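A.B. asks:
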Amino acid sequence: MNSSSPVTPGEVRSKLLEYIATQNKQDPYSSNMQAGSALRWVTDQLKLSRDIKQQRLLLTEWHELFRTGILAWGHDLSNPSPPFCHVTDRGARALENLQRDPSNPAAYIAHLEAGADLGDIAKSYVVEALDCYTTGSYKAAAVMIGAASERLVLNLRDSIAAAISRGGNSAPNNLNSWQIKKVSDSIKAQLDQAKKKMPRELADDYEAYWSAFTSQIRVARNEAGHPKSIDPLTPDAVHAAFLVFPEAARLATEFTDWAQKNVI
């Protein structure tokens with residue numbers, strides 16, 4: 002990386018989290034994480050230039066980790082102030098699955114796309130959901146990841162409708178409803194009938210995971226999108242929705258691929 006290839010906020014954040022993860026593995030009494038050490042390491046890793054814009058981008062992403070609760074200032078009560086810092090409990094949870102955690106958007110997208118065909122529309126919502134999550138806008142993040150999930154459901158709906166048509170039948174009305182709950186229920190009814198035609202592994206995955214995954218994401222979205230209380234859902238609930246989304250997307254992709262090649 003050099004001045005002719007400007008870094009992105011996602012790349013900077015990923016490198017910062019990589020450094021923090023390495024430091025966090027050390028014994029807490031011997032670990033001595035400081036701002037200067039972290040910033041110098043990332044600067045060297047990304048070969049950042051002396052350009053003030055790149056330096057400020059690094060500083061911005063560094064301070065975002067504090068604002069969103071990944072890091073907090075201080076090492077202990079004897080060293081409670083900057084430049085000393087430590088990983089919070091929330092940060093430790095993010096570091097547990099760093100290569101697929103929404104706190105690390107670039108890695109999350111790479112993990113997601115390795116197992117699922119999102120399409121441009123769903124991906125645009127995932128990207129915005131991650132932007133919301135990393136800035137601490139958890140209600141907005143839940144709505145956006147729910148919208149991405151809805152797009153995958155609609156993609157699957159289109160493939161199932163085409164498979165029904167190839168069999169000489171008409172799709173049920175609810176499959177084309179404007180209400181996503183009716184569409185989801187209709188998809189489930191069609192897949193229930195088609196289970197015997199599926200490969201064994203796909204049928205087993207459907208039985209074990211599909212309803213649970215889609216339900217969890219939909220509930221998070223609905224609670225965030227309907228203003229019934231100040232805090233309709235916790236950051237942990239939103240985090241959980243992000244963690245199950247890649248698996249739901251993988252299953253949706255597999256069902257879509259299967260429906261495109263078969264008659265229902």
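Sequence positions in the sequence shown follow this note's numbering and run 2 to 265.
Where is the CB? At the ideal position from N, CA and C, for every residue including glycine.
What you are looking at is a predicted structure, and each value in this text was computed from that prediction instead of being measured.
Using the C-alpha atoms, what's the distance from S32 back to Y138?
C.D. replies: Note that residue 138 corresponds to Ser in the displayed sequence, not to Tyr. C-alpha separation (whole angstroms): 31 Å.
A.B. asks: Taking Cβ positions, are N98 and T257 nearer each other than 9 Å?
C.D. replies: Not a contact, by the Cβ cut-off of 9 Å.
A.B. asks: Let me know if S4 comes out buried or exposed under the rule of 16 or more other beta-carbons within 10 Å of its beta-carbon.
C.D. replies: Any reading at S4 is ruled out, since the residue's pLDDT is 47, under 50, leaving its predicted position unreliable.
A.B. asks: What did DSSP end up calling V271 once you bin it into helix, strand or coil?
C.D. replies: Within the shown structure, residues of the chain are numbered from 2 to 265, placing residue 271 beyond reach of any answer.
A.B. asks: With H, G and I counted as helix, E and B as strand and the rest as coil, what does DSSP make of N80?
C.D. replies: Here N80 sits in strand by DSSP.
A.B. asks: Taking 9 Å as the threshold (C-beta atoms), are G147 and A221 in contact?
C.D. replies: Against a cut-off of 9 Å, the Cβ pair of G147 and A221 comes out as a contact.
A.B. asks: Between which residues of its own chain and A241 is the CB-CB distance below 6 Å, once the five residues before and five after are set aside?
C.D. replies: Cβ within range, chain order: n/a, list empty.
A.B. asks: With DSSP collapsed to three states, give me the class of Q35.
C.D. replies: Note: Q35 maps to strand in three-state DSSP.
A.B. asks: Which first and last residues belong to the beta strand (DSSP E) in which V88 is found?
C.D. replies: Here the beta strand (DSSP E) through V88 covers 86-88.
A.B. asks: Start and end of the beta strand (DSSP E) containing L72?
C.D. replies: Its beta strand (DSSP E) spans residues 72-74.
A.B. asks: Kindly provide the ranges of any alpha helix (DSSP H) runs that are 4 or more residues long and lie completely inside the region 184-233, ordered along the chain.
C.D. replies: Correct list: 201-206, 212-226.
A.B. asks: I'd like to check one pair, D193 with N175: are the Cβ atoms closer than 9 Å?
C.D. replies: Cβ distance not < 9 Å, so N175 and D193 don't count as in contact.
A.B. asks: Closer than 6 Å by C-beta to P173: which residues in its own chain qualify, once you throw out the five before and the five after it? Chain order, please.
C.D. replies: Contacts found: S187.
A.B. asks: With distances taken from CA atoms, which of Q217, Q191, V43, A163 is nearest E151?
C.D. replies: Of Q217, Q191, V43, A163, the residue nearest in Cα terms is Q217.
A.B. asks: For S170, name the three-state secondary structure that DSSP assigns.
C.D. replies: One point to set straight first is that residue 170 is Asn, not Ser, in the sequence displayed. In this structure, N170 counts as coil in the three-state DSSP scheme.
A.B. asks: Is the region 52-66 touching the region 6-13, taking contact as three or more C-beta pairs under 8 Å?
C.D. replies: Yes: at least three Cβ pairs fall under 8 Å.
A.B. asks: Is the distance from the Cβ of A142 to the Cβ of Y134 below 9 Å?
C.D. replies: Yes, these two residues count as a Cβ contact at 9 Å.
A.B. asks: DSSP state of R57, grouped into three classes?
C.D. replies: Correct three-state label for R57: helix.
A.B. asks: Which of the three DSSP states, helix, strand or coil, is assigned to D159?
C.D. replies: Three-state result, D159: helix.
A.B. asks: Taking the beta carbon of D102 as the centre, do at least 16 other beta carbons fall within 10 Å, making it buried, or is it exposed?
C.D. replies: It is buried - the Cβ of D102 has at least 16 other Cβ atoms within 10 Å.
A.B. asks: Hey, could you find the ends of the alpha helix (DSSP H) S125 is sitting in?
C.D. replies: Segment 120-135, the alpha helix (DSSP H) holding S125.
A.B. asks: When you compare only the Cα positions, how much space is there between A149 and L78?
C.D. replies: In a straight line, the C-alpha of A149 is about 44 Å away from that of L78.
A.B. asks: In whole angstroms, what is the alpha-carbon distance linking A22 and E202?
C.D. replies: A22 and E202: Cα-Cα distance of roughly 35 Å.
A.B. asks: For the 8 Å Cβ check, are there 3 or more pairs between the region 106-126 and the region 248-263?
C.D. replies: As far as the Cβ criterion goes, the region 106-126 touches the region 248-263, which means the pair count is three or higher.
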